[in-house]
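Residue numbers (full-length UniProt numbering): 1 to 239. Glycine included, each C-beta is placed from N, C-alpha and C at the ideal position. A quick note: this is a predicted structure, and the numbers were derived from the prediction, not measured. Take a look at the structure below.
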């Protein structure tokens, strides 16, 4: 089932073209890496998917719906993790998740059960009463992701979700999200400029200067470029 479909999407800021005819699709249970350097247009793409920006041209649908006609239904079925921290650092984990859950109409036992399940899933069960500020960077990022999953979404989009984390924490986070996609049938779009984070993705989309320059499985991209690994393939295919 198609979760996300974009065709010919364009977005400019004055004379600067951030997105230039982007085609992108995402199916359920797929972990797709959006790989590109800083300034490639990844954040603009995410803001359009999230409904925060309107494209200048092209078509965008999520679950067969559009933000213009079905915005509330799309938001109900989608989770978003932006690069910048968006949880309240002075509130506890539980308070942050409770506040966000209520925005989706969750209440009482159902909400508490969902919070407890997510805290357990991300290894936060013993920390739920602590202020987010007292947690490590990796733990804070897990709170962000738990918050994005509170509404049990069918799609989660993640913009540089490992920013600020050390290498072991980054790898653990990638493994957690790949497992989530596989076991809970959540479609994941993971944006990064770090090749190692998407080496085991189901598909990789390479974005440079607002254009998709290559896409396919890591194995297919390596074969297409004649490279030995995805890092060399990325260098070759993006120039």
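Can you check which of these residues, the options, is closest to residue i by C-alpha distance?
i	options	result
residue 91	128, 74, 58	128
residue 78	108, 85, 46, 93	46
residue 6	56, 16, 126, 82	56
residue 2	207, 65, 235, 51	65
residue 197	148, 221, 160	160
residue 148	43, 49, 101	101
residue 221	212, 209, 211, 237	237
residue 67	51, 76, 37	51
residue 31	192, 105, 86	192
residue 232	195, 70, 190, 76	195
residue 114	175, 72, 97, 85	97
residue 17	60, 43, 209, 158	209
Please classify residue i as buried or exposed, where buried requires at least 16 other C-beta atoms within 10 Å of its C-beta.
i	result
residue 168	exposed
residue 228	exposed
residue 142	buried
residue 200	exposed
residue 224	exposed
residue 218	buried
residue 170	buried
residue 89	exposed
residue 44	buried
residue 42	buried
residue 202	buried
residue 235	exposed
Just confirm the distance between the C-beta atoms of residue i and residue j, as a whole number of angstroms; I'd bet it's less than 8 Å.
i	j	result
residue 21	residue 28	Their Cβ separation, rounded to whole angstroms, is 26 Å, which puts residue 21 and residue 28 out of contact at 8 Å.
residue 4	residue 204	Not really, about 15 Å apart at Cβ, beyond 8 Å.
residue 123	residue 164	So it is not a contact: roughly 18 Å between Cβ atoms.
residue 58	residue 190	Their Cβ separation, rounded to whole angstroms, is 22 Å, which puts residue 58 and residue 190 out of contact at 8 Å.
residue 212	residue 24	7 Å
Practice problem: Identify every run of the beta strand (DSSP E) within the region 6-49, keeping only runs that are complete inside it and at least 3 residues long; order them along the chain. | Solution: Runs of the beta strand (DSSP E) inside the region 6-49: 16-27, 31-35.
Self-check item: Inter-stretch contact (C-beta, 8 Å, three-pair minimum) for the region 153-161 and the region 174-187
Solution: Output reads yes: the region 174-187 touches the region 153-161.
Quiz prompt | Contained alpha helix (DSSP H) runs [length at least 4] in the region 45-129, N- to C-terminal order | solution = Within the region 45-129, the complete alpha helix (DSSP H) runs of at least 4 residues are 67-76, 93-103, 108-121.
Exercise. Pick out the complete alpha helix (DSSP H) segments inside the region 123-183, 4 residues or longer, and give them in chain order.
Key: Here the runs fully enclosed are 137-148.
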